[in-house]
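First residue of the sequence shown: 0, per numbering that gives the first Met the number 0; consecutive thereafter. Here a beta-carbon is modelled for each residue, glycine too, at the ideal position from N, C-alpha and C.
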Amino acid sequence: MPQAARKLDPTNHGQLLSPGPASPDVNIEYKKAWRALPVGVGVGLEIATGAMKLLMDPPMVLPPTAAAHITVAEGGFNASANGAAGAGNGAAAAGVSSAMASLNAANAALTATWTTASAAPGGEPAATQAYTLGIKQAAGAAAAAAVNAIAAGIADVHNCPMSSGPAPHGPGVVTRGCETVFINYLPAARQNDVVYEATGGADPIAVGAASVNIGDLAGGGGGGGGGAGGAWETSQTAASQQDAFSGVASGAIAGGAAGSAAAASGGQGDASDSTAYFGQALEEEEEMVDSYDSPPADPPP
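Listed below in structure tokens is the structure:
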């Protein structure tokens, strides 16, 4: 059984779990117990933060691909906000809606500026650099606001200061805690349970209480049968969850917000066409950066 996680235990990103608040009345080896999102709330957030990480990681981003990632993120955040409402956080949906409205408005303005600037002879490289910076800043702020809105009052929040380009990894929560041990009516978090951060992706808890082991194997649970949900359900580590995300994201891109919400709830889906679309978008970005005089490294697959 995995070790129980507590406030100030380290994550794989080298940061200490904080600010929490963590349990007000349960201490494990003199540290406050760390708690996860309620069962069924976190899968949409996993999808959304994965999409945000894919937006933040490439050195250059084109508007069509950014819009696709934003669509995935919006659907995932909305799915988790609906789940959060059922768990007692009735304000989650409004908070997510506000955050995503701000991001969509920023993207529309940035895209209009990019379109005009890139049309000028030789203007595309500088226009794309400016667009990339602006959309990453806006996405980081929106993702942080959405995660905080979903987690408010129903999970402990870790704030990772590490950088994702122009934005920090930001707030994150354990999406899948212990299925058999609850602390203050929330699933207990454990070593190897994964914190999903606003733009930093998966950040597993590295170490917990050496003398206190609780619950089932860490990192499991959640998800529905078949399709994208099945892929996430069988993922037991952060690495395999990140691998599974590529299929979830591609299906959600093809289906828009409704598709990502269905993926978050474990729905069925045929991702063959959307996988091709997703791959084509990344190929277009690679061709764009390769055309520059000093191209950055290729974006991750």
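Helix, strand or coil at residue i [DSSP, three-state]
i: G171; result: strand
i: H68; result: helix
i: K135; result: helix
i: I153; result: coil
i: A105; result: helix
i: L53; result: helix
i: A187; result: strand
i: I213; result: coil
i: A84; result: helix
i: A92; result: helix
i: A143; result: helix
i: E285; result: Confidence at E285 is low in this model, with a pLDDT of 49, below 50, so the placement of that residue should be treated as unreliable; the coordinate-derived value is given next. E285: helix per DSSP, three-state reduction.
Cβ pair residue i, residue j closer than 9 Å
i: P23; j: L15; result: no
i: A21; j: W33; result: yes
i: S138; j: A107; result: Reading off the sequence, residue 138 comes out as Ala, not Ser. Not closer than 9 Å, so no.
i: A78; j: V25; result: no
i: V52; j: K30; result: Residue 52 is actually Lys in this sequence, not Val. Taking 9 Å as the Cβ cut-off, K52 and K30 do not qualify as a contacting pair.
i: G19; j: G85; result: no
i: A72; j: A80; result: no
Among the options, the one whose alpha carbon lies nearest that of residue i
i: L132; options: G176, C177, I149 and G164; result: G164
i: Y195; options: A107, M99 and P170; result: P170
i: T70; options: N191, A125, G122 and L102; result: L102
i: A143; options: G199, A105 and E123; result: G199
i: T45; options: E123, E28, M59 and A150; result: The question names Thr, but residue 45 is Glu in the sequence shown. The option with the nearest alpha carbon to E45 is A150.
i: I204; options: H68, A104, I182 and V193; result: V193
i: H12; options: M161, V211 and A208; result: M161
i: N88; options: A148, A104, A209 and L185; result: A148
Residues bridged to residue i (per DSSP)
i: S163; result: A166
i: D202; result: V194
i: P58; result: Paired residue(s): none; P58 is not in a bridge.
i: L16; result: Per DSSP, none; premise fails for L16.
i: K31; result: N26
i: T10; result: I204
i: I182; result: L185
Own chain, CB closer than 7 Å to residue i, minus 5 neighbours either side, in chain order
i: A126; result: W113, A116 and S117
Beta-carbon proximity list for residue i, same chain, < 6 Å, skipping 5 on both sides
i: L305; result: Outside the shown range of the chain, which is 0 to 300, sits residue 305, and nothing can be said about it.
i: A145; result: F76, V95 and A98
Spatial neighbours of residue i in its chain, beta-carbon cut-off 8 Å, leaving aside the 5 residues before and after
i: V206; result: Q2, D8, P9 and Q190
i: D215; result: M0, C177, E178 and T179
i: S17; result: K6, L7, H157 and N158
is_contact[residue i, chain C] using C-beta, thresh 9 Å
i: A141; result: The structure shown contains no chain C; it holds only a single protein chain.
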